[in-house]
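Undergrad:
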Amino acid sequence: MGGWIVSGLVYGSIVALGALGCSYVLLIQRYFNFTVAPWLALGAYFAWTMKQILPQWGGVELVIAAIVSMVALGIAMTAADKALFKPLRDRGAPFMFFYLTSFGLLFAVRSIIWLIWGPQPKYYYPGASVGIKGPWGIMVTPAELLTLIVAVVVVVALYFFQYRTKLGRGMLATAQNPMLASVCGVEPETVHTTTTMIAGFVTALAGILYGLTIQIRPLMGWFILLGIFVCVVCGGEGAILGTLAAGYLVGIAEEFGSNLIQIPLNFWGVPVEMSAYKVALSCALFLVVIYFRPQGVWKGTFLER
Amino acid sequence: MAKEENIILETNKVTAGYGGVDVLFDASIRVKKGEIAAIIGPNGAGKTTLLRTISGVLSPRKGEIIFKGERLNGKTPRERLELGIGYIPQEDKIFPKMSCIDNLRMGAYTLPKEKFSEMLERVYQLFPILKERRNQIAGQFSGGQRQMLAIARALMVEPDLLLLDEPTSGLQPSLVKEVLDKVKELHKQGITVLIVAQNREALEIAERGYLIRAGQVVLEDTVEGLLKNDQVMQLYFGG
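Protein sequence lines correspond, in order, to chains X and R.
When we follow the UniProt record's numbering, the leftmost residue of the first sequence carries the number 1, and every step to the right adds one.
When we follow the UniProt record's numbering, the leftmost residue of the second sequence carries the number 1, and every step to the right adds one.
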């Protein structure tokens, strides 16, 4: 059972990183970034391609590939924002236009991924990795351990950036009242560029960690999109630490929950494979949280800490 | 001409609006350095639009705005703030989910870090209540405290010109006096004020005023003159 929880925390860490990218765009640019699914895959493919180019340096090549991929995805998302969403912002377009544009971009990015990398799954390091044994039947692979640590480090770093730096405060101000923020001297375009760059960094990181712990495939983002959506809502209006907590809940609900329910199903001989219905458990969690804690699982929000 | 009269702000035939609709037409006003000038007019006349255009939130479609001899057209709100224009909107004038001190930090956004403490002490001297409540979430403040915080936020950068949009709107009479007394105090310290006045008390603290109706400046006079104008009194202050 300990192993299920660890699997849930690993998966939840990835979901939380993807959700943070979405939260930033949602809270500052005021639309849900559906394109997160193919962006996440693109980040993973960028890193895979970069890793193929670099010589093998005992894992350092993946770190370099990951950093390059995060910056590249940040630039790609910022370029898309400037080309497609900025004109909408400048014209004060209705938010439906943002959602439709996001959908259009989703299909465009997905097609580009299929066109360049094809449908075959790819791996950063092919072959089974050796796990580290722990108590209570816990078995953690180095990739999983890395995922757990990286997610916590990134979330803490983002938290301090957001609430302890001038630019972070400027972003919070813009999220609350763009007009008042601008008369305080906050440059709106600096905020939007920072938002999409941060969203790009964390989305790419989520994709890379997903690729490292599972595999890289064109539709990888689709498989966790619903989990990301649930995490954004349950995290408490984008609360940074709350999003990580919500990610853990989503991960545990899916991994622990599916394995737990599988036990009686197997006992009664019900021919159902719960792993195929993990997403349903995320949805159930979503309904429970919305009913009992509509403000999210965390005390405070993105704007209130 | 402008130099002779010691004009700090001048709008020349400014036309501005929202979307495809113009709200303000050929508006020309002048504000002298060190004075309190008022803008009055009925709801929807274009008073807020004029202030937004001066602060840079809105771009003029025609005309020009000159501040301290410099043309403001094309400058961002930040550039105008750095030139010395502070703006306090009528609504949503604070960041309600931030603490009082974080609101003041936002006011000092363009200042170097080392100057923040000095400015903070100055605004605390002017508004002691803000020091007492510095860690309180601004959204929990009363209407009067919000207005004080908004003014303090704008003062963090030591503006030469303060644009105040209906600062006493929605306040109870005792708070109206308190807020206007603070504005007079700022004026005594040498800050030029352009105030949108929606009641007699606010108009009375000014020296001159402009009447805007249907987007056009239709009258300019001293406050005494405006207060004697039957049409103004009937239309805007209920007699």
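Here a beta-carbon is modelled for each residue, glycine too, at the ideal position from N, C-alpha and C.
These numbers were taken from a predicted model, which means no experiment stands behind them.
1) For residue 129 of chain X, which residues in the same chain have their Cβ closer than 8 Å to its Cβ, ignoring the five residues on either side in sequence?
2) Out of curiosity, what's the CA-to-CA distance linking residue 310 of chain X and residue 66 of chain X?
3) In whole angstroms, what separates the C-alpha of residue 301 of chain X from that of residue 245 of chain X?
4) Could you check which residue in X:253, X:249, X:279 has the C-alpha nearest to that of residue 296 of chain X?
5) Closer than 7 Å, CB to CB, is residue 77 of chain R near chain X or not?
6) Using the three-state DSSP reduction, which class does residue 261 of chain X fall into: helix, strand or coil?
7) Strictly by DSSP, which residues pair up with residue 139 of chain X?
8) Residue 113 of chain X and residue 204 of chain X - do their beta-carbons sit closer together than 7 Å?
9) What residue range is occupied by the uninterrupted beta strand (DSSP E) comprising residue 240 of chain R?
10) Have a look at residue 226 of chain R and residue 200 of chain R and give me their C-alpha separation to the nearest angstrom.
11) Which residue comes first and which comes last in the alpha helix (DSSP H) that contains residue 201 of chain X?
12) Can you look up residue 85 of chain X in the DSSP assignment and give me helix, strand or coil?
13) Does DSSP classify residue 94 of chain R as helix, strand or coil?
14) Considering only the alpha carbon of each residue, which of X:38, X:155, X:5, X:25 lies closest to residue 196 of chain X?
15) Kindly list, in the order they appear in chain X, the residues whose Cβ is closer than 9 Å to that of residue 109 of chain R.
16) Contact check, residue 95 of chain R vs residue 8 of chain R under 8 Å by CB: the rounded distance?
17) Is there a Cβ from chain R that is less than 7 Å from the Cβ of residue 101 of chain X?
18) Please list the residues of the region 10-37 of chain X that have a C-beta atom closer than 8 Å to any C-beta atom in chain R, keeping them in chain order.
19) Leaving out five residues on either side along the sequence, give the residues of the same chain with a beta carbon under 8 Å from the beta carbon of residue 28 of chain X.
20) Counting only Cβ pairs nearer than 8 Å, list the residues of chain R close to residue 177 of chain X.
21) Should residue 125 of chain X go down as buried or exposed, given a rule of 16 or more other Cβ atoms within 10 Å for buried?
TA: Considering the structure as presented:
1) Once the five neighbours on either side are set aside, the close Cβ partners of residue 129 of chain X are 141, 142, 143.
2) Within the shown structure, residues of chain X are numbered from 1 to 305, placing residue 310 of chain X beyond reach of any answer.
3) Each residue's Cα considered, the two are about 13 Å apart.
4) In terms of CA proximity to residue 296 of chain X, X:249 leads the group X:253, X:249, X:279.
5) It does: the Cβ of residue 77 of chain R has a partner Cβ on chain X nearer than 7 Å.
6) Looking at residue 261 of chain X - three-state DSSP - the assignment turns out to be helix.
7) BP columns for residue 139 of chain X point to X:133.
8) With a cutoff of 7 Å on beta-carbon distance, residue 204 of chain X and residue 113 of chain X are scored as not near each other.
9) The first residue shown for chain R is 1 and the last is 239, placing residue 240 of chain R beyond what the model contains.
10) Residue 226 of chain R and residue 200 of chain R have their C-alpha atoms roughly 10 Å apart.
11) Element bounds for residue 201 of chain X: 188-213.
12) Three-state result, residue 85 of chain X: helix.
13) If DSSP states are grouped into helix, strand and coil, residue 94 of chain R belongs with coil.
14) Answer by Cα proximity: X:25.
15) The answer, in chain order, is 166, 169, 170, 173, 181, 184, 185, 186.
16) Between residue 8 of chain R and residue 95 of chain R the Cβ distance is about 28 Å, and since that is not below 8 Å, they are no contact.
17) With its beta carbon at least 7 Å from every one in chain R, residue 101 of chain X lies outside the interface.
18) Flagged: no residues at all.
19) Leaving aside the five residues that flank residue 28 of chain X on each side, the residues in its chain whose CB is nearer than 8 Å to its CB run, in chain order, 171, 174, 175, 191, 192, 195.
20) Neighbours of residue 177 of chain X on chain R, chain order: 92, 95.
21) The residue is exposed, with fewer than 16 neighbouring Cβ atoms inside 10 Å.
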